[in-house]
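Structure, as structure tokens:
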Amino acid sequence: MTNSIVLTLLMSLPLVGVVVILFLPVFNNQTDFNIKFVANATAIITLLFSIAILPLYDMGVPTLQLEDTGSWIDALGVTYHVGVDGLSILMILLTTFISAVAIGSSWNGIDKQVKQYYIFMLLLETGMLGVFLAQDLFLFYIFWEFTLVPMYFLIGIWGGKERVYASIKFFLYTMAGSLLMLIAILYVGIQAGTFNLPELIANRELYAGAQQWLFWGFAIAFAIKVPVFPFHSWLPDAHTQAPTAGSIVLAGVLLKMGTYGFMRFNLPMFPEASTNAAPIMATLAIIGIIYGAIVSFAQTDVKKLVAYSSISHLGFVMLGIFSLNEIGIQGAILQGVNHGLSTGALFFLVGVIYEQRHTREISEFGGLWRAMPVFAVTSLIVTLSSMGLPGLNGFVGEFSILLASTGSDALGDSPWIYTAFATSGVILAAIYLLKMYQGVFMGPLDNPKNQALRDMNRGELAIMLSFLLFIVWIGIAPSIWFASMDATVADLIQNVVMMAGG
6 MTNSIVLTLL MSLPLVGVVV ILFLPVFNNQ TDFNIKFVAN ATAIITLLFS
56 IAILPLYDMG VPTLQLEDTG SWIDALGVTY HVGVDGLSIL MILLTTFISA
106 VAIGSSWNGI DKQVKQYYIF MLLLETGMLG VFLAQDLFLF YIFWEFTLVP
156 MYFLIGIWGG KERVYASIKF FLYTMAGSLL MLIAILYVGI QAGTFNLPEL
206 IANRELYAGA QQWLFWGFAI AFAIKVPVFP FHSWLPDAHT QAPTAGSIVL
256 AGVLLKMGTY GFMRFNLPMF PEASTNAAPI MATLAIIGII YGAIVSFAQT
306 DVKKLVAYSS ISHLGFVMLG IFSLNEIGIQ GAILQGVNHG LSTGALFFLV
356 GVIYEQRHTR EISEFGGLWR AMPVFAVTSL IVTLSSMGLP GLNGFVGEFS
406 ILLASTGSDA LGDSPWIYTA FATSGVILAA IYLLKMYQGV FMGPLDNPKN
456 QALRDMNRGE LAIMLSFLLF IVWIGIAPSI WFASMDATVA DLIQNVVMMA
506 GG
């Protein structure tokens, strides 16, 4: 196997599982077992294959690696071009990991239209990998839009009572923003005569005159996906109505497509516009941090609380990106991974309790630590990681971002103001997360329905321990994670600052 095709093979592995599942008959429980087995095996093999790629990845090389290129639509300047660098390597690993645990968590929770469900899950994994690997704007846009389809059906068929409303709202919001990006992509491609990203970056003077408008064409699409305030209203509905695995993937990977887009496209293609927009984007990030935290505090539904907390946590990622310095970008990438792990784990824990009680109202619980001690301990660790406790993953990313914003030249003469407001988000996170934990786990175990709850089974514990492995690892030894992106981020920032005249 040549190194040039490994990324194409990685994207294709979930499709192999789809083909196998398509040919499996549907008539009894044994068939459902076979479908689940194939889907889980496919996801695990894809995860292992992504890990096997790591020895081929050179951390010291800032440019694209393991590239696979080929002509596609020559008349339009469209190529098939995939590659990986420091901006995407952790996103690839996060995608395969989150997909594996999400599919694994569905084993007992999905009992209708099983075949279709797992086909959509595997198709979604291929789409997400394509987004992070595509190095041609046309190819990227195809994968970007493709991810909407499986998630639309996952929410609309296997979601909650208001699933149809939530799925349509999710689809329309993200599609509307994507149309603006499509216009910008077409303009850039026509002006430069190619859609190949490295060539577009090298020849950005060809469309530099319109970069202020082009920046916002891309930015609005990515801001909706993150989501950045005030484009956030689709997220709580989608999260609340989605099945557990859908929420895990949505929080773990799909939202990171937006933050990744800013770093992959906006910063290198429109450096001057990015610098000019930095104070605006940072201000929106701060509003999102505080707004998301305050609204989370008011929630009585655990899943909706976690959903609104994503708006707050991803505000930190956006602040790191538009600090426009190395530590900020590195912190943003790592905090994106951290959010995927911590919030993905929280949604998984909510799913575990919902499968038994069929309610997510905090008032329905209380004293669960007596009935479910293992569940309570793992939930406490994840809650602490989400609020940024030192020694766990959340602290590393948030501290890096706060440090970056303090010394950011892009945020004006008083960048510490942004840091001060962002720090209040850390305090607010501790308040609403500890309030949630106290309401669910502490106090007397009075409700007879809660007294009958079982603790986590082996499968659930295995999934939870896999989350905790990375939550603790990143918290106590983050250097290897930073090293994986250091060269690429340094090159990106040097490029942006130089081209922006800074």
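Read in order, the letters of the sequence shown are residues 6 to 507 in my numbering. The C-beta atom is built at its ideal place from N, Cα and C for all residues, glycine as well.
Subject >> CA-to-CA distance, LEU134 to MET6, given in whole angstroms >> reply: For the purposes of this step, residue 6 is taken as the residue at position 1 of the sequence shown. For the purposes of this step, residue 134 is taken as the residue at position 129 of the sequence shown. Low confidence applies here, because MET6 scores a pLDDT of 48, under 50, leaving its location unreliable and the question unanswered by this model.
_Taking contact to mean 3 or more Cβ pairs, one atom from each stretch, closer than 8 angstroms, check whether the stretch 467-480 and the stretch 103-110 are in contact._
With the cut-off at 8 angstroms, the stretch 467-480 and the stretch 103-110 touch.
I'd like to know whether the C-beta of ALA350 is nearer than 9 angstroms to at least one C-beta of chain C. Any reference to chain C falls outside this structure, which holds one protein chain only.
Local conformation of ALA139 per DSSP, three classes | Translated into positions along the sequence shown, residue 139 becomes position 134. ALA139: strand per DSSP, three-state reduction.
Residue nearest to PHE508 in terms of C-alpha spacing, selected from LEU177, GLY345, VAL43 and GLY222
Nothing in the structure corresponds to residue 508, since the chain is present only between 6 and 507.
| field | Other residues of its chain near GLY507: CB distance less than 7 angstroms, five sequence neighbours each side excluded | value | One-based indexing of the sequence shown puts residue 507 at position 502. For GLY507, the predicted model reports a pLDDT of 45, less than 50, meaning its position is unreliable; a value from the coordinates is still stated below. Closer than 7 angstroms at the Cβ level, and outside the excluded window around GLY507, lie THR280 and ASP414.
Note to self: Mapping the DSSP letters down to three states, classify LEU95 as helix, strand or coil.
What the structure shows: On the sequence shown, position 90 is the one that residue 95 refers to. DSSP places LEU95 in helix when its eight states are reduced to three.
*Alpha carbon to alpha carbon, how far is LEU144 from LEU99? Give it in angstroms, no decimals.*
For the purposes of this step, residue 99 is taken as residue 94 along the sequence shown, with counting starting at 1. For the purposes of this step, residue 144 is taken as residue 139 along the sequence shown, with counting starting at 1. Straight-line Cα distance between these residues: approximately 21 angstroms.
| said: Counting C-beta neighbours from all protein chains within 10 Å, is the total for ASP116 16 or more, i.e. buried, or is it exposed? | reply: For the purposes of this step, residue 116 is taken as the residue at position 111 of the sequence shown. It counts as exposed.
- Message: Measuring only the C-alpha atoms, how far is GLY399 from ASP79?
- Response: On the sequence shown, position 394 is the one that residue 399 refers to. On the sequence shown, position 74 is the one that residue 79 refers to. Spanning the two alpha carbons is a distance of roughly 45 angstroms.
Point to revise | Proximity winner among GLY336, LEU329, GLY263 and LEU439, relative to ILE498 (alpha-carbon distances) | key: In the sequence shown, counting from the first residue as 1, residue 498 sits at position 493. Out of GLY336, LEU329, GLY263 and LEU439, LEU329 has the C-alpha closest to the C-alpha of ILE498.
Exercise. Would LEU346 pass as a contact of PHE220 if the rule is Cβ separation under 9 angstroms?
Worked result: If you number the sequence shown from 1, residue 346 lands on position 341. If you number the sequence shown from 1, residue 220 lands on position 215. Between LEU346 and PHE220, the CB-CB gap reaches or exceeds 9 angstroms.
For THR245, which option in GLU150, SER429 and SER314 has the closest C-alpha, if you only look at C-alpha atoms?
Counted from its first residue, the sequence shown places residue 245 at position 240. It is SER314.
Beta-carbon within less than 6 angstroms of ASP491's beta-carbon, same chain only, minus the 5 sequence neighbours each way: which residues are those?
In the sequence shown, counting from the first residue as 1, residue 491 sits at position 486. Counting only Cβ-Cβ distances below 6 angstroms, and skipping sequence neighbours, we find nothing.
Exercise for the section: For GLY263, collect the residues of the same chain with a Cβ closer than 6 angstroms to its Cβ; drop the 5 residues on either side in sequence, then sort them by chain order. Expected result: Start at 1 with the first residue of the sequence shown, and residue 263 comes out as number 258. Taking C-beta separations shorter than 6 angstroms and ignoring five residues to either side along the sequence, the partners of GLY263 in its chain run PHE227, LYS230 and VAL231, following chain order.
Is the distance from the Cβ of PRO248 to the Cβ of LEU354 below 9 angstroms?
-> Sequence index remark: in the sequence shown, residue 248 carries index 243 (1-based). Sequence index remark: in the sequence shown, residue 354 carries index 349 (1-based). Contact annotation: PRO248 and LEU354 have beta-carbon atoms that are not nearer than 9 angstroms.
| Considering LEU470, what are the terminal residues of the alpha helix (DSSP H) in which it resides? | As a first step, residue 470 must be located in the sequence shown, where it is residue number 465. Counting along the chain, LEU470 sits inside the alpha helix (DSSP H) bounded by residues 463-481.
For MET180, the nearest candidate out of SER390, ILE485, LEU153 and ALA213 (CA to CA)
Your numbering for residue 180 matches position 175 in the sequence shown. It is LEU153 whose Cα lies nearest to the Cα of MET180.
Do the stretch 418-426 and the stretch 377-385 meet, that is, are 3 or more Cβ pairs less than 8 angstroms apart? Verdict: no, contact absent.
Would a C-beta distance cut-off of 9 angstroms place THR563 and GLY257 closer than the cut-off? In the structure as shown, the chain begins at 6 and stops at 507. Residue 563 is therefore absent and cannot be evaluated.
At the level of alpha carbons, what is the spacing between LEU18 and GLY372? Within the sequence shown, numbered from 1, the residue matching residue 18 stands at position 13. Within the sequence shown, numbered from 1, the residue matching residue 372 stands at position 367. Each residue's alpha carbon lies about 44 angstroms from the other.
- For ILE78, which of helix, strand or coil comes out of DSSP? Your numbering for residue 78 matches position 73 in the sequence shown. Reduced to three states, the DSSP call for ILE78 is strand.
Is the beta carbon of GLY65 sitting closer than 9 angstroms to the one on GLY164? Indexing the sequence shown from 1 puts residue 65 at position 60. Indexing the sequence shown from 1 puts residue 164 at position 159. For GLY65 and GLY164, no; Cβs fall outside 9 angstroms.
Whose C-alpha, out of ILE285, PHE234, VAL193 and ALA350, is nearest the C-alpha of GLY214?
-> Here residue 214 refers to the residue found at position 209 when the sequence shown is read from its first residue. In terms of CA proximity to GLY214, VAL193 leads the group ILE285, PHE234, VAL193 and ALA350.
Here's a check: name, in chain order, each residue in its chain whose Cβ is nearer than 7 angstroms to the Cβ of ASP73, leaving out the five neighbours to either side.
Position 68 of the sequence shown, counted from the start, is the residue given in the question as residue 73. Leaving aside the five residues that flank ASP73 on each side, the residues in its chain whose CB is nearer than 7 angstroms to its CB run, in chain order, SER9, ILE10, LEU12, THR13 and VAL87.
Would PHE203 and ASN500 qualify as a contact pair, given that the criterion is a beta-carbon distance under 9 angstroms?
The residue you call residue 203 lines up with position 198 of the sequence shown. The residue you call residue 500 lines up with position 495 of the sequence shown. A small fix is needed here, since residue 203 is Pro in this sequence, not Phe. For PRO203 and ASN500, no; Cβs fall outside 9 angstroms.
| said: Distance check for THR84 and ALA197, CA to CA, integer angstroms please. | reply: The residue you call residue 197 lines up with position 192 of the sequence shown. The residue you call residue 84 lines up with position 79 of the sequence shown. Their backbone Cα atoms lie some 14 angstroms apart in a straight line.
Q: Quick one: give me the first and last residue of the alpha helix (DSSP H) that VAL387 is part of.
A: For the purposes of this step, residue 387 is identified with residue 382 of the sequence shown, where counting begins at 1. Per DSSP, VAL387 belongs to the alpha helix (DSSP H) from 378-391.
### Query
To which residues of the same chain is ILE97 closer than 6 angstroms at the C-beta, ignoring the five residues directly before and after it?
Position 92 of the sequence shown, counting from 1, holds the residue named residue 97. Excluding positions up to five away in sequence, the list reads SER55 and PHE137.
Please report the residue range of the beta strand (DSSP E) in which GLY88 lies.
Here residue 88 refers to the residue found at position 83 when the sequence shown is read from its first residue. 83-89 is the span of the beta strand (DSSP E), which, as asked, contains GLY88.
Check your understanding: Can you list, in chain order, the residues of its chain whose CB lies under 7 angstroms from that of GLY22, leaving out five sequence neighbours each side?
Key -> Position 17 of the sequence shown, counted from the start, is the residue given in the question as residue 22. VAL43, ALA44, THR47 and LEU127, listed in sequence order.
Discussion item. In whole angstroms, give me the CA-to-CA distance for LEU416 and ALA287.
Written reply: For the purposes of this step, residue 416 is taken as residue 411 along the sequence shown, with counting starting at 1. For the purposes of this step, residue 287 is taken as residue 282 along the sequence shown, with counting starting at 1. So the two alpha carbons sit approximately 8 angstroms from each other.
On a Cα-Cα basis, can you pick out the residue from TRP239, VAL233 and LEU20 that is closest to LYS174?
Here residue 174 is taken as the residue at index 169 of the sequence shown, counted from 1. Of all alpha-carbon atoms in TRP239, VAL233 and LEU20, the one lying nearest the alpha-carbon of LYS174 is that of TRP239.
task: Could you say if the stretch 437-444 and the stretch 302-312 meet the contact criterion of at least three C-beta pairs nearer than 8 angstroms?
output: With a cut-off of 8 angstroms, the stretch 302-312 and the stretch 437-444 count as touching, because enough Cβ pairs lie within range.
* **Span separating the alpha-carbon of GLY293 from that of ALA282** => Taking the first residue of the sequence shown as position 1, residue 293 is located at position 288. Taking the first residue of the sequence shown as position 1, residue 282 is located at position 277. Answer to the nearest angstrom: the Cα atoms are 16 angstroms apart.
Q: With DSSP as the reference, label MET6 as helix, strand or coil.
A: As a first step, residue 6 is located in the sequence shown; it is residue number 1 there, counting from the start. Because MET6 carries a pLDDT of 48, less than 50, the predicted location of this residue cannot be relied on, and no value is offered for it.
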